[in-house]
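Trainee: Just so we're aligned: 125 in our numbering is position 7 of the sequence shown, and the numbers increase by one with no gaps anywhere. Quick reminder that beta carbons are idealized off the backbone N, C-alpha and C, glycines included. Note that this is a predicted model, so its numbers are computed, not measured. Mind looking over this structure? Questions follow.
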Amino acid sequence: MKWLNRNPMTAVFFFGFCVCIALSSGNLKNQWGAIASLQQKSQENTSKQWNLTLSQQQTDGIAKVAEARYTKGCRLVVAKRSPGQFTTLTEGRPVFDRVRNAPLPAGTVVCDAYGNTARIIEGNVVGEIAFTGNQAVIDKVVKRSKARYSSPNL
């Protein structure tokens, strides 16, 4: 009590400070909620950015594999019923030698005119697909073929 009598202004200031805190507590809760929400959104955006970066790196790596397959030599696939037209590769489906009507053996590297390359895997089906959008590399292989492009039917 002696301290209060000697320092009345300090007591008034302290009391006013406590009243201000009490009156603005709802405001503080809202601000903390907003900060927490911003932190969560920031973490989500950072996570999305990392995922996109990782995805792009994987895509770049896959494109290099596809380009190497085109460059080193791959068997260009054409439509079975219409050998004058290109077709696309489908994972899990066989690619047939049209002369013998037999599936290509495992280990054969195949490609299509649309940027897809693959390796024939066990079971004589298409697997390990890789894609490139490098049209110059694709065109070198396509120009050696007598087949022609055909728009896909949807």
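Kindly indicate which three-state DSSP category glycine 241 falls into: helix, strand or coil?
Mentor: Indexing the sequence shown from 1 puts residue 241 at position 123. In the structure shown, glycine 241 sits in coil (DSSP, three-state: anything other than H, G, I, E or B).
Trainee: Would you identify the three-state DSSP class for glutamine 158, choosing helix, strand or coil?
Mentor: Here residue 158 refers to the residue found at position 40 when the sequence shown is read from its first residue. Of the three classes helix, strand and coil, the one that applies to glutamine 158 here is helix, per DSSP.
Trainee: So the beta strand (DSSP E) glutamate 227 belongs to, where does it begin and stop?
Mentor: Numbered from 1 along the sequence shown, position 109 holds the residue referred to as residue 227. In the sequence as displayed, the identity of residue 227 is valine instead of glutamate. It spans 227-229 - the beta strand (DSSP E) in which valine 227 sits, taken as one unbroken run.
Trainee: Helix, strand or coil for proline 270, going by three-state DSSP, please let me know.
Mentor: On the sequence shown, position 152 is the one that residue 270 refers to. Unreliable positioning characterises proline 270 in this predicted model, as indicated by a pLDDT of 43, which lies under 50. A coordinate reading is not provided.
Trainee: Assign valine 196 to one of three DSSP states: helix, strand, or coil.
Mentor: Translated into positions along the sequence shown, residue 196 becomes position 78. Correct three-state label for valine 196: strand.
Trainee: Grab me the residues of glycine 217's own chain with a C-beta within less than 8 Å of its C-beta, minus the 5 sequence neighbours each way, in chain order.
Mentor: In the sequence shown, residue 217 corresponds to position 99, counting from 1. One point to set straight first is that residue 217 is valine, not glycine, in the sequence displayed. Within the same chain, valine 217 has no close Cβ partners at all.
Trainee: Please work out which residues of its chain come closer than 6 Å, Cβ to Cβ, to lysine 159, disregarding the five sequence neighbours upstream and downstream, and give them in chain order.
Mentor: Sequence index remark: in the sequence shown, residue 159 carries index 41 (1-based). Excluding residues within five positions, none has a Cβ falling inside 6 Å.
Trainee: Look at the alpha carbon of serine 263 and the alpha carbon of threonine 164, and state the distance between them as a whole number of angstroms.
Mentor: As a first step, residue 263 must be located in the sequence shown, where it is residue number 145. As a first step, residue 164 must be located in the sequence shown, where it is residue number 46. Distance between the alpha carbons of serine 263 and threonine 164 is about 46 Å.
Trainee: Just the Cα atoms here: how many angstroms apart are isoleucine 71 and cysteine 192?
Mentor: No answer is possible for residue 71: the residues shown for the chain start at 119 and end at 272.
Trainee: If distances are taken between C-alpha atoms only, which option among Pro221, Val183, Asp215 comes closest to isoleucine 247?
Mentor: Walking along the sequence shown from the start, residue 247 turns up at place 129. Of the listed residues, the one whose Cα sits closest to isoleucine 247 is Val183.
Trainee: Less than 8 Å separating the beta-carbons of alanine 231 and leucine 207?
Mentor: As a working mapping, residue 231 is identified with position 113 in the sequence shown. As a working mapping, residue 207 is identified with position 89 in the sequence shown. Cβ atoms of alanine 231 and leucine 207: not closer than 8 Å.
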